[in-house]
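K.L.:
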Amino acid sequence: MMTAYGSKETVLEALRLGATDYVEKTPNLRDELTLRVRKELDRKRLQQENVLMKRTLKTAHQFSNIIGTSEPMLAVFQLVETIAPTTSTVLIAGESGTGKELVARAIHFNSARKDRPFVALNCGALSETLLDSELFGHVRGAFTSADSNKKGLIEIAEKGTIFLDEIGEMSPLVQVKLLRVLQERKFRRLGGTDEVDADIRIIAATNRDLSKMVAEGKFREDLFYRINVIPVRLPPLRERREDIPQLAAHFVTRFAKLMGKPVTAISGDALELLKGYAWPGNIRELENAMERAVALEQTPTVLVDSLPDQVRTGTHVAAAVAAAVPGSFPAAGFHLEEHVQHLEREYIAEALRRAGGVKVKAAELLGMSFRSFRYYTKKYNLK
Numbered sequence: 003m004m005t006a007y008g009s010k011e012t013v014l015e016a017l018r019l020g021a022t023d024y025v026e027k028t029p030n031l032r033d034e035l036t037l038r039v040r041k042e043l044d045r046k047r048l049q050q051e052n053v054l055m056k057r058t059l060k061t062a063h064q065f066s067n068i069i070g071t072s073e074p075m076l077a078v079f080q081l082v083e084t085i086a087p088t089t090s091t092v093l094i095a096g097e098s099g100t101g102k103e104l105v106a107r108a109i110h111f112n113s114a115r116k117d118r119p120f121v122a123l124n125c126g127a128l129s130e131t132l133l134d135s136e137l138f139g140h141v142r143g144a145f146t147s148a149d150s151n152k153k154g155l156i157e158i159a160e161k162g163t164i165f166l167d168e169i170g171e172m173s174p175l176v177q178v179k180l181l182r183v184l185q186e187r188k189f190r191r192l193g194g195t196d197e198v199d200a201d202i203r204i205i206a207a208t209n210r211d212l213s214k215m216v217a218e219g220k221f222r223e224d225l226f227y228r229i230n231v232i233p234v235r236l237p238p239l240r241e242r243r244e245d246i247p248q249l250a251a252h253f254v255t256r257f258a259k260l261m262g263k264p265v266t267a268i269s270g271d272a273l274e275l276l277k278g279y280a281w282p283g284n285i286r287e288l289e290n291a292m293e294r295a296v297a298l299e300q301t302p303t304v305l306v307d308s309l310p311d312q313v314r315t316g317t318h319v320a321a322a323v324a325a326a327v328p329g330s331f332p333a334a335g336f337h338l339e340e341h342v343q344h345l346e347r348e349y350i351a352e353a354l355r356r357a358g359g360v361k362v363k364a365a366e367l368l369g370m371s372f373r374s375f376r377y378y379t380k381k382y383n384l385k
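Its first residue numbered 3, the sequence shown is counted upward by one per residue in the numbering used here.
1) For PHE221, name the three-state secondary structure that DSSP assigns.
2) Less than 8 Å between the beta carbons of GLY162 and ARG228, yes or no?
3) Can the beta-carbon of GLU241 be found less than 8 Å from the beta-carbon of THR208?
4) Assuming the contact rule is C-beta atoms closer than 8 Å, LEU309 and ALA297 should be a hit. Round their C-beta distance to whole Å, please.
5) Give a yes or no on whether the C-beta atoms belonging to VAL176 and LEU137 are separated by under 8 Å.
6) Using DSSP bridges, identify the partner residues of ASN383.
7) What is the DSSP secondary structure of LEU128, counted as helix, strand or coil?
8) Using CA atoms only, rank isn't needed, just tell me which of LEU180, GLY270 and VAL265 is closest to ASP134.
9) Please return the same chain residues whose Cβ sits closer than 6 Å to the Cβ of GLU51, not counting the five positions on each side in sequence.
10) Per the contact definition of three or more C-beta pairs closer than 8 Å, is the segment 265 to 281 in contact with the segment 361 to 380?
11) May I ask you to verify whether the segment 277 to 296 touches the segment 96 to 110, counting CB pairs closer than 8 Å and requiring at least 3?
12) Measure how close the beta-carbons of ALA114 and VAL82 come, nearest whole angstrom, since I'm counting them as under 8 Å.
13) DSSP state of ASP311, grouped into three classes?
14) Per DSSP, which one or two residues make a beta bridge with ARG107?
15) LEU239: which of THR146, LYS385 and LEU288 sits nearest, CA to CA?
16) Looking at C-beta atoms only, is the number of pairs between the segment 138 to 157 and the segment 184 to 192 that lie closer than 8 Å three or more?
17) For HIS344, count neighbouring Cβ atoms within 10 angstroms of its own Cβ and tell me buried if that reaches 16, exposed if not.
18) Note down, in chain order, each residue of its chain lying with its Cβ closer than 7 Å to the Cβ of ILE350, except the 5 sequence neighbours on either side.
19) Does PRO282 come out as helix, strand or coil in the three-state DSSP assignment?
20) Out of ASN112, SER129, GLY143 and LEU93, which has the shortest C-alpha to C-alpha gap to PHE165?
21) Quick check: what's the CA-CA separation for VAL216 versus GLY70?
22) Do ILE202 and ILE156 have their C-beta atoms within less than 8 Å of each other?
23) Since PHE257 is in the alpha helix (DSSP H), which residue starts that stretch and which ends it?
24) Starting from the Cα of LYS152, find the closest Cα among GLY194, ARG347 and GLU186 and give me that residue.
25) Can you list, in chain order, the residues of its chain with a C-beta nearer than 8 Å to that of ASP196? Leave out the 5 residues immediately preceding and following it.
26) Return the first residue and the last residue of the beta strand (DSSP E) that PRO233 is part of.
27) Can you give the beta carbon distance from VAL360 to VAL234, rounded, assuming they're within the 8 Å contact cut?
28) When you compare each of VAL342, LEU368 and HIS341 to GLU352 by their alpha carbons, which one comes out closest?
29) Is the beta carbon of CYS125 sitting closer than 8 Å to the one on GLU171?
30) With a 10 Å radius around its C-beta and 16 neighbouring C-beta atoms as the bar for buried, classify LEU225 as buried or exposed.
31) Using only alpha-carbon positions, find the residue among SER147, LEU236, LYS220 and LEU276 that is nearest to ALA250.
32) Once the 5 residues before and after SER371 are set aside, which same chain residues still bring their CB inside 8 Å of it?
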């Protein structure tokens, strides 16, 4: 709005009707108007950037960014999408490296608490006293180095979500305090007497069998039932092998960009080995393997030679070794790698003999893909 009559009433009415600013007619009108327009454009730009940032933060934790299209993962997505808007406590169970924290973040950022803090704590990484202090805070003098009051993560996560990883490692004392938080929504700081309210959502995770720990007296039964309101099981990577190509490609793209290398693809033979490996370390192990492969690869395509030794060896070889281990370990020891290669060659050759030289059938006998089998026949010059 531009006016020669800058009365308070006129300005207020203009702003009420939608004006963003006003300028009085003065000798410096051109400069003043230019300045105001620039300020408004900057304000709009910052506003748009803020909206984009919020959208980006949310998108970073959308379910679509948890990679996987296999049936086990689609079932996980459906369950997580259903429970995210609720306030119920969630227990995520899965082997190490399956992405439990990523799922916990997705639950939080798709809930009504998404604009409040998400705080993660590994319960297995701290001693009992430090875990108590980190979780519930402490007052001055609570222990030797406590020279001031400190808020715990439960207070820091007020109205948000706290993710407790490896909850099975929590000591009995801390279990009791956490149980009270879940039952009464109150707690006391370490060394303190004042009651503190706890308005948080708890998502716990474990790679252990908590029901078995309850039966063995190693985990409180009442706490188990409190945290196991909605159980979510994450499948290990070996149960979702069809997701491996997509995951591997994602990691290759990411690490190639980070390292500034023109690696853009994975060879068919390398991909078959990736799909055939058992991945005891799950997605984390696959991520590390692809980082190594990108770092070592000298071509635009990840080749077999860039993969870790254990991936090139394959799970079927591990089973063969287990079946062929001698009753007594040689006193002088032996060369393991040569022994493994010998076993590989013998099993491949025997499969070919039994299949009458038909490679597809031989691959089936060993539980291998045709491409993977073809790689080993080339490796050992077998026909």
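No residue lacks a Cβ here, since even glycine has one placed at the ideal position from N, Cα and C. Bear in mind that the values here come from a model prediction, so they are computed numbers and not experimental data.
P.N.:
With the given structure in hand:
1) If DSSP states are grouped into helix, strand and coil, PHE221 belongs with coil.
2) no
3) no
4) With 8 Å as the limit, LEU309 and ALA297 do not qualify as a contact, their Cβ atoms being about 12 Å apart.
5) yes
6) DSSP output for ASN383 lists no bridge partner at all.
7) It is coil, neither helix nor strand.
8) LEU180
9) With a pLDDT of only 45 at GLU51, under the threshold of 50, the placement of this residue in the model should not be trusted, and no figure is reported.
10) yes
11) yes
12) Actually they are not in contact, since the Cβ atoms of ALA114 and VAL82 sit about 15 Å apart, beyond 8 Å.
13) helix
14) According to DSSP, ARG107 bridges with nothing at all.
15) LEU288
16) Flag = yes, the segment 138 to 157 and the segment 184 to 192 touch.
17) exposed
18) TYR378, THR379, TYR382 and LEU384
19) coil
20) LEU93
21) 33 Å
22) yes
23) First-last of the alpha helix (DSSP H) with PHE257: 246 to 261.
24) GLY194
25) ARG190
26) 232 to 235
27) Not really, about 44 Å apart at Cβ, beyond 8 Å.
28) LEU368
29) yes
30) Buried.
31) LEU276
32) GLU274, LYS277, GLY278 and ALA365
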